[in-house]
Amino acid sequence: MHFQKLWVPALAVLAVGLSYQRWGWPGVAMALGALVMWALLHFTRMLQVLKRAAHRPVGYVDSAVMLNAKLRKGMPLLHVVAMTRALGALQSPTDTQPEVYAWTDGSQSTVTAVFLAGKLQSWDLVRQQPEASP
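Now the structure itself:
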């Protein structure tokens with residue numbers, strides 16, 4: 142069971158309940174206002190990330206090696222898209238778990254990332270070998 146999906150609503154209900162107990166209806170209004178502000182901040186951040194990603198080619202990253210160094214297990218897909226400033230090229234069938242995305246840089250090095258329920262599970266860097274000159 143994913144407890145992350147349960148603790149945010151539970152904390153919201155607890156905050157509203159405690160606000161009502163402590164300050165009455167003005168406390169409820171304050172708690173609900175804070176919750177709406179928190180939701181709007183997250184929504185705005187998501188829109189900014191997607192707006193930046195819309196102006197870049199799908200599956201492109203400036204440096205695959207640097208992306209590989211910055212990735213950490215458990216990172217949300219939104220944070221990875223924010224780091225790359227581009228949507229990943231989907232490698233897996235649509236609407237299946239796990240989701241596999243790839244980002245390639247100018248030297249044809251590729252980072253392939255596996256996401257399960259939106260969280261990074263594993264990733265792999267494949268570097269293009271330079272051609273031997275005669």
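Be aware that the sequence shown starts at 142, since it is given in this note's numbering, and climbs by one per residue.
C-beta atoms are modelled at their ideal positions from N, C-alpha and C, and glycine is treated no differently.
Small disclaimer: the values here were computed from a predicted structure and weren't measured.
Here the alpha carbons of leucine 231 and alanine 223 stand approximately 16 Å from one another. The bridge partners DSSP lists for phenylalanine 144 come to none. Between the C-alpha atoms of alanine 195 and lysine 214 there is a straight-line separation of about 25 Å. With 16 or more neighbouring CB atoms inside 10 Å of its own CB, methionine 216 falls in the buried class. In this model, glutamine 249 and alanine 210 are separated by some 17 Å (Cα to Cα).
Remark: C-beta atoms of aspartate 265 and valine 202 do not approach each other more closely than 8 Å. Within its own chain, the residues whose Cβ lies closer than 7 Å to the Cβ of valine 190, once the five positions on either side in sequence are excluded, are Leu219, Val222 and Ala223, listed in chain order.
With respect to the 8 Å criterion, valine 157 and valine 169 are classified as neighbours on the basis of their beta carbons. Per DSSP, the continuous beta strand (DSSP E) segment holding threonine 253 begins and ends at 251-257. Going by DSSP, alanine 175 is part of the alpha helix (DSSP H) stretching over 166-195.
Between aspartate 236 and the set Gln270, Phe184, Leu257 and Leu152, the nearest pair of CA atoms involves Leu257.
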